[in-house]
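Q: I am attaching a structure below and will ask some questions about it afterwards.
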Amino acid sequence: MPGPLNPPPRQIAWPVKFGLVLGQGKTQQAGWFFLISLLMVWFFVLRPIQAELQFGRPTKLAQGTLSYVGAINDTRSVSAFNRNRSLPVYACQFNFVDQGRTITAISYLSSAQKPLQDLKTVPVEFVPGKPEKARINLPGYRSSAMDPWALVSLWFAWPVLGLPLIAFLFWGFGLMRGLKVLNLLKQGRLASARLVRQTDTGVSQIVNGEAVHIHSLIFAYEVAGRMYETELKTSDIAAVTDEPREDLLYLPSDPSQARLEDTLPTWIQRREGSYHSQQQPLYNDLLLLVPSVLLLAFFYIALQ
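Residue 8 is where the sequence shown starts when you use the numbering used here, and the numbers rise one by one after that.
Structure representation (structure tokens):
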């Protein structure tokens, strides 16, 4: 039987905080999926859009020399203004001079035929202070091979663009649950609960290849002379009914907010008057370090 708890608010070990707030299990997977999908959307969509938006600000003009025009390995792009046609993408390499320095850049165009035929010079626009950010100053030319505006105009692309949002929502719900449990560990008091009702929900889940029924368990507990009840839905009844009375944490400010200790994550252990992680602290620290590094890398790339 674990020892008593220190009076609230009690200090919670940092590995426990990291593990709960960042989420584990499916919540942690949602966090990883959010970061990965966000980087993919940034690389394939937002970065090309950002590159095009640079030319929405005042730019410098120059005269460029055309050095090469050719199709890009049969890559196809769908025009935002004519979605029923697939057009080859052409790379148009050009050179121009800025402040005595020769700059080489490439513009791209989706076209049914080879563009700029019989031309030697082309008008060029570039971002002041960043001459390498340049494109041919003619209608339809862009600075990236894929047309980002065409991508966002396609109906089947929107579910892909929404993946980071969906993953973020799942991650966010997990973070809120983690914060709620963390607050309970920090502010909660102990009570003794007993099982008063048990019903089959009629729902099953697959555990180790077998269908297991999910039951609704109602536990009753007393706080300051008043009885409260809390519901738990689980398929592992034995894990929460192995004792005649189960330890339960409740919030003194709202005793209806309660949770059986046996339903806490298995890596959390009550000892020395508080809650600690059974895992090595380094593992839970990595839960914070790795996503933080990825987020910092994302913001660094976005600001370039």
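No residue lacks a Cβ here, since even glycine has one placed at the ideal position from N, Cα and C. As the structure is a computational prediction, the values presented were derived from the model and not from experiment.
In terms of residues, what are the limits of the beta strand (DSSP E) holding residue 138?
A: 137-143 is the span of the beta strand (DSSP E), which, as asked, contains residue 138.
Q: Output the distance between the C-alpha atoms of residue 40 and residue 174, rounded to the nearest integer angstrom.
A: Answer to the nearest angstrom: the Cα atoms are 6 Å apart.
Q: Using 7 Å as the threshold, is the C-beta distance between residue 97 and residue 130 below it?
A: No, they are not a contact pair.
Q: Here's a check: name, in chain order, each residue in its chain whose Cβ is nearer than 7 Å to the Cβ of residue 91, leaving out the five neighbours to either side.
A: Low local confidence applies: a pLDDT of 41 at residue 91 is under 50, so the model's placement there is unreliable, with the coordinate-based value given in what follows. If we look at residue 91 and ignore the five residues flanking it on each side, it has no Cβ neighbours.
Q: To the nearest whole angstrom, what separates the beta carbons of residue 12 and residue 280, a pair I think is in contact under 8 Å?
A: With a Cβ gap of about 6 Å, residue 12 and residue 280 count as contacting.
Q: I need the DSSP call for residue 91, collapsed to helix, strand or coil.
A: Unreliable placement is indicated for residue 91, whose pLDDT of 41 sits below 50; the coordinate value is still reported in the next sentence. It is coil, neither helix nor strand.
Q: Quick one: grab the DSSP three-state call for residue 59.
A: Residue 59: helix per DSSP, three-state reduction.
Q: Under three-state DSSP, which class holds residue 262?
A: Three-state DSSP puts residue 262 in a strand.
Q: Hey, how far is the Cα of residue 250 from the Cα of residue 192?
A: Taking the straight line from one Cα to the other gives about 21 Å.
Q: Does the structure place the segment 125-144 close enough to the segment 47-66 that three or more beta carbon pairs sit under 8 Å?
A: Touching, per the Cβ criterion.
Q: When you compare only the Cα positions, how much space is there between residue 235 and residue 194?
A: Roughly 18 Å between the two C-alpha positions.
Q: Quick check: the Cα distance between residue 242 and residue 202, rounded to an integer number of angstroms?
A: Using only the alpha carbons, I get a separation of about 15 Å.
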